[in-house]
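In my numbering, the protein residues as written are 185 to 485.
This is the structure:
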């Protein structure tokens, strides 16, 4: 028997496999393809205080070994989630983690205060790193001061597990990680998308309506692994790794670099059942290498 259980800031996961916000809807959309109860947890799409339409189309473009997106946090707001989505997903035997975003610190706090009383929402992921919105988003995550201010405010508003999602679009990601740790973050997740751009040379125009967007997929994985490795050595809180994980081998690579759990994002679009395959691979990997507890491989590089 192999122990796949991991602990993320007091949150006990049955295995290290989570899904990444913005790639998994509210979870129920994938119920026909996978057993949601097998997941360590799933992170629902970015949730804001008010309804957001997102950015104009086109807002997605394929790139070599990846994709660009500029969806812009399209969602119906936190009240809609609480009234309509939460009752349908609260009894899934997995952790439901809400990705929280805002244009101002007060927005973040307001969303957290609404989520806090919900019994089955034991963790939030605070998005201070979205490159696809004009206000808030990445602006908070690119300075230690901004990241710390949001973390402190959210920590006071949400008593359960707080995960801060970090931006790779910075000079030194370890400084940001240390800043949010100092203000009470229970964990950090990284990386969010890299800021990128693609141009249609025949039309002589950018593919995206917003010109730039967030790059994800296998193309970003080496950068993500490097940043996870750096941050894991810089902070004492658990690190969640993501960025281009397409299979079990990729997931194990992140854990060897220091991630205690991983999030699967773009791969869900390619293979909706990929998370199940990654869980199976982890168990097989541990058996092949004589590992009884997957925590024993975390950060051994």
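Ideal Cβ positions, reconstructed from N, Cα and C, are used throughout, including at glycine.
Given the structure is predicted, the values throughout are model-derived calculations rather than measurements.
- Selection 208, 291, 269 and 330 evaluated against residue 304 yields 269 as nearest (Cα-Cα).
- Taking 8 Å as the cut-off, the beta carbon of residue 375 is found closer than this to the beta carbon of residue 427.
- Of 200, 291 and 338, the smallest CA-CA separation from residue 186 is found for 200.
- Across the structure, residue 252 and residue 380 are spaced so that their CA atoms are roughly 7 Å apart.
- The stretch 288-296 and the stretch 337-352 touch, with three or more beta-carbon pairs separated by less than 8 Å.
- Per DSSP, reduced to three states, the secondary structure at residue 204 is coil, with no helix or strand assignment.
- When DSSP reads this structure, residue 399 sits in a beta bridge with 252 and 378.
- Under the three-state reduction of DSSP output, residue 185 falls in the coil class, being neither helix nor strand.
- Taking 8 Å as the cut-off, the beta carbon of residue 370 is found closer than this to the beta carbon of residue 193.
- Around the C-beta of residue 355, fewer than 16 other C-beta atoms lie within 10 Å, and the residue is accordingly described as exposed.
- When the five nearest sequence neighbours on each side are left out, the beta carbons in the same chain lying within less than 7 Å of the beta carbon of residue 440 are those of 481, 484 and 485, in order along the chain.
- Here residue 332 is not near residue 359, since their CB atoms are 8 Å or more apart.
- Taking the Cβ atoms as the reference, residue 255 lies roughly 5 Å from residue 238, within the contact range of under 8 Å.
- Beta-bridge pairing by DSSP links residue 309 to 283 and 347.
- Taking residue 217 as reference, the option from 478, 461 and 479 with the minimal CA-CA separation is 461.
- Residue 445 is bridged by DSSP to 424.
- Apart from sequence neighbours up to five positions away, the residues of its chain that approach residue 343 with a beta-carbon distance below 7 Å are 300, ordered along the chain.
- The C-beta distance from residue 443 to residue 421 rounds to 12 Å, too long to meet the 8 Å contact threshold.
- The Cβ-Cβ distance between residue 208 and residue 452 falls below 8 Å.
- Per DSSP, the unbroken alpha helix (DSSP H) holding residue 459 starts and ends at 458-472.
- Selection 393, 458 and 415 evaluated against residue 438 yields 415 as nearest (Cα-Cα).
- Taking the Cα positions, residue 410 is about 35 Å away from residue 265.
- By the criterion of a C-beta distance shorter than 8 Å, residue 206 is surrounded in its chain by 229, 230, 253, 255, 283 and 449, once the five residues flanking it on both sides are discounted.
- Taking the Cα positions, residue 198 is about 24 Å away from residue 365.
- With fewer than 16 other Cβ atoms inside 10 Å of its own Cβ, residue 191 counts as exposed.
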